[in-house]
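Take a look at the structure below.
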Amino acid sequence: MPLLLSIIYVGALGILAHYIGEALPRRLFNFRKLPFKQLGFEKSGRLYLVLRVHKWKDKVPDMSKIMKDMIPKSVSFKPTSKELYRLADETCVAEAVHNALNILFVGIYFFWKNKIGVFLVVLSISLNTPYIIIQRYNRPKIVALADKLKQREEKRNAYINSVV
Numbered sequence: 001m002p003l004l005l006s007i008i009y010v011g012a013l014g015i016l017a018h019y020i021g022e023a024l025p026r027r028l029f030n031f032r033k034l035p036f037k038q039l040g041f042e043k044s045g046r047l048y049l050v051l052r053v054h055k056w057k058d059k060v061p062d063m064s065k066i067m068k069d070m071i072p073k074s075v076s077f078k079p080t081s082k083e084l085y086r087l088a089d090e091t092c093v094a095e096a097v098h099n100a101l102n103i104l105f106v107g108i109y110f111f112w113k114n115k116i117g118v119f120l121v122v123l124s125i126s127l128n129t130p131y132i133i134i135q136r137y138n139r140p141k142i143v144a145l146a147d148k149l150k151q152r153e154e155k156r157n158a159y160i161n162s163v164v
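For the record, in the sequence shown the residue sitting at position 41 is 41 according to this note's numbering, with numbers rising by one throughout.
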């Protein structure tokens, strides 16, 4: 029975987290500020090379392909800087939701107050943490591309305005 309760708890948390994440005001998330901005140890990217994120990040399930109300984790063929900044904000939301889930997964221990409970908590957190890593790996790349596109867009607009 505790195993069933644990599974229901984790499943309910996941579903609830999705809807809460979708409802959160995006103004609360800023990829240029803590806790979402790139940290000193991340700037070199060595951590992500050691973790080989580029090899496995596309192999984990992507809920945006299943839940049609989510913003897709991809961009159009010719994205705008606005689209990319929005995607960067969405990585912040996803990271926050997965961090909250990791904290709430500790609740599994209340169903199993023994080694099995500890194992299930560690397992749940271990299966969830890669999503946080992926967000932190992708976000600087998305922002850098968005910044470049914004510069191009501004130059193009300045040129058009000078011609007109």
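From the three backbone atoms N, C-alpha and C, an ideal C-beta is built for every residue, glycine too.
Just so we're clear, the structure is a prediction, and the values are computed from it rather than from any experiment.
Sixteen is the threshold: since fewer than 16 other Cβ atoms of the shown chains lie within 10 Å of the Cβ of Glu153, the residue is exposed.
Exposure of Gln151 is indicated by the presence of fewer than 16 other C-beta atoms within 10 angstroms of its C-beta.
In the structure shown, Leu101 adopts helical secondary structure according to DSSP, grouped into three states.
In the pairwise beta carbon analysis, the region 109 to 120 is classified as not touching the region 25 to 38: fewer than three pairs are separated by under 8 Å. Across the structure, Ile142 and Pro130 are spaced so that their CA atoms are roughly 18 Å apart. Non-local beta-carbon contacts of Lys57 in its own chain, meaning distances under 6 Å to residues more than five positions away in sequence, involve Ile134 in chain order.
At least 8 Å separates the beta-carbon of Thr91 from that of Arg156. In this structure, DSSP gives Arg52 a state outside helix and strand, which the three-state scheme calls coil. Residue burial is scored here from C-beta neighbours: Ala96 has at least 16 other C-beta atoms within 10 angstroms and is therefore classed as buried.
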